[in-house]
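Counted from 1, the sequence shown has number 77 at position 70 by this note's numbering; the numbering is strictly sequential.
Idealized CB from N, CA, C, for every residue including glycine.
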Amino acid sequence: MRRDDKGYYTNSFHLDVEKKVNPYDKIDFEAPYPPLANGGFICYGEYPNIQHNLKALEDVWDYSYQHVPYYGTNTPIDECYECGFTGEFECTSKGFTCPKCGNHDAARVSVTRRVCGYLGSPDARPFNAGKQEEVKRRVKHLGNGQIG
8 MRRDDKGYYT NSFHLDVEKK VNPYDKIDFE APYPPLANGG FICYGEYPNI QHNLKALEDV
68 WDYSYQHVPY YGTNTPIDEC YECGFTGEFE CTSKGFTCPK CGNHDAARVS VTRRVCGYLG
128 SPDARPFNAG KQEEVKRRVK HLGNGQIG
């Protein structure tokens, strides 16, 4: 795949961010690769707000513990200091916007995303165009708080 096909490269040996699979299939796809690389590894899943279904998250964690050496969980924890919204901001090619009031002032929001294994604040230090596009295309690996 050429870079200009999507505007970004897929990092490491991760499953493409647009693949709509459950978290178990994503773990299974990525599990064979850590023994082949010595430069670090993280397997992670993208999740909706699952505060009311922690059993689903615990089940995925238990599965990951048996299959990969390092697992990260990405759940929405964005905050708007204008209207009080907490959850997931809308990701656009220009940044992140509060879905409730439209606020996108970096001084009045807190946005957190995992990039290359590390949690960062793209509202304070924006991603380059390719990484922003990749984040925008990410799909959830657990739909509506249900397993699989």
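Buried or exposed by the 16-neighbour rule on C-beta atoms within 10 Å, applied to residue i
i      : result
His148 : buried
Gly47  : exposed
Val146 : exposed
Val116 : buried
Arg120 : buried
His59  : exposed
Cys50  : buried
Which of helix, strand or coil DSSP assigns to residue i
i      : result
Met8   : Annotation note: pLDDT 46 at Met8 (below 50); position unreliable, coordinate value reported separately. Met8: coil per DSSP, three-state reduction.
Tyr122 : According to the sequence shown, residue 122 is Val rather than Tyr. Strand at Val122.
Tyr88  : coil
Ser117 : strand
Tyr51  : strand
Phe96  : coil
Lys27  : coil
Tyr72  : helix
Gly46  : coil
Gly137 : helix
Phe103 : strand
Proximity to residue i [Cα-Cα], best of the options
i      : options                     : result
Tyr16  : Lys138, Cys90, Trp68, Ile34 : Lys138
Lys27  : Ala38, His74, Tyr54         : Tyr54
Gly124 : Lys13, Gly14, His21         : His21
Gly79  : Trp68, Asp85, Glu89         : Trp68
Ala131 : Glu140, Val118, Gly14       : Val118
Tyr40  : Glu25, Val24, Asn18         : Asn18
Leu126 : Ala38, Pro106, Asp85        : Asp85
Whole-angstrom C-beta distance between residue j and residue i, which should lie under 8 angstroms
i      : j      : result
Cys98  : Val142 : 6 angstroms
Pro30  : Gly52  : 4 angstroms
Asn110 : Glu89  : 4 angstroms
Residue i at chain D interface by Cβ criterion, 9 angstroms
i     : result
Asn56 : The question asks about chain D, but that chain is absent: this structure has only one protein chain.
ask   = Do the segment 69-79 and the segment 97-111 touch if we need at least three Cβ pairs shorter than 8 angstroms?
value = No, the segment 69-79 is not in contact with the segment 97-111.
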